[in-house]
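Below you'll find the structure, written out as structure tokens, and then a few comments.
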Amino acid sequence: MEEREIKLKPVEKDSLYLKISDSIYNYIRMNNLQPGDKLPSERDMAAMLQTSRNSVREALRILEDRGLIYVKTGSGVFINTPDNGKSVLSVRLTDFTAKELQELQDTLEHKTILNAMVRGTPKQKQELLSLAMDMQEEYQNHIYSHTLDHGFHTKLYEMGGNSVIHQLIDKIRDDRFIRRESAASENNSVWLFTVPEHLKLAEAIIRQDKEAALRAIDTINTHGFSLISEDGGTP
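Put into structure tokens, the structure is as follows:
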């Protein structure tokens, strides 16, 4: 009996570019790059990632679409800033617990969601839903993307219309991300649990269901902070 040859399945280019964009995202966060800081050249990133410059270029387009970076022709790629440098207020927090930090984030997230329901345009709400559906599509293939997750929350904060809340939550999320990435047991699959909650959140905002929306964001945040506690990352 003749054995049938099992063919290799081609890797989807979109998934490849998304994985590369996640690696660049991780590089930005782990190196604590700030707005205005410059990324390595495409050539250097391609060498570090052991991939082609074209793949790096496509990954950078994803990050640019999500508002993480901007490109200056002839100068390079730079970290974007949500406040456009209009004003500066530096806040340093000391001697706090993960529980206290979670309470602060929950409060800010709740206000953002309530604002987003009122201030978000129909177009923005559909864009939020589209991002959640993109995350869900990757989730079906057991893939979690930091880049898509960041894009979702950036769109949510944009809809909330309060740049101070946006920046404060970004700082909290960055701190949590770095603590989690530094953990020996880090694996992106631990975040898969939160993906369906993003879709629930987007749908709840569209139908103006406050209780469902707040329940979804609380589930997302509680899971994130529980991962810090599991690895002894409590501040």
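For the sequence shown, counting from 1, position 67 maps to 67 in UniProt numbering; every step adds exactly one. By construction, the Cβ of each residue, glycine as well, lies at the ideal position given by its N, Cα and C atoms.
- A Cβ-Cβ separation of about 6 Å places L156 in contact with L128 under the 8 Å criterion.
- Residue range 69-72 is occupied by the beta strand (DSSP E) that includes Y70.
- Here A47 is exposed. Its C-beta has fewer than 16 other C-beta atoms within 10 Å.
- DSSP places G76 in the strand class (E or B) of the three-state scheme.
- Distance check between Y27 and each of L39, R92, H198 places L39 closest, using alpha-carbon atoms only.
- Counting every other CB atom within 10 Å of its CB across the protein chains shown gives S21 a total of 16 or more, marking it as buried.
- Proximity to M45 across Q105, G36, V56, D37 peaks at V56, based on C-alpha coordinates.
- Per the coordinates, the alpha-carbon of T51 lies some 24 Å from the alpha-carbon of N80.
- Fewer than three beta-carbon pairs drawn from the segment 159-170 and the segment 209-216 are found closer than 8 Å, and the two stretches are therefore not classed as touching.
- Note on D149: 16 or more other CB atoms within 10 angstroms of its CB, so buried under the neighbour-count rule.
- The beta carbon of D134 is closer than 6 Å to those of L148 in its chain, skipping five residues each way along the sequence.
- I165 is the residue among I165, K200, G76 whose C-alpha sits nearest the C-alpha of D106.
- Residue F152 holds the alpha-carbon nearest to the alpha-carbon of Q124 among D175, F152, A59.
- Excluding the 5 residues flanking it on each side, N115 has same chain C-beta neighbours closer than 7 Å at G160, G161, N162, in chain order.
- The beta-bridge partner set that DSSP reports for K38 consists of F78.
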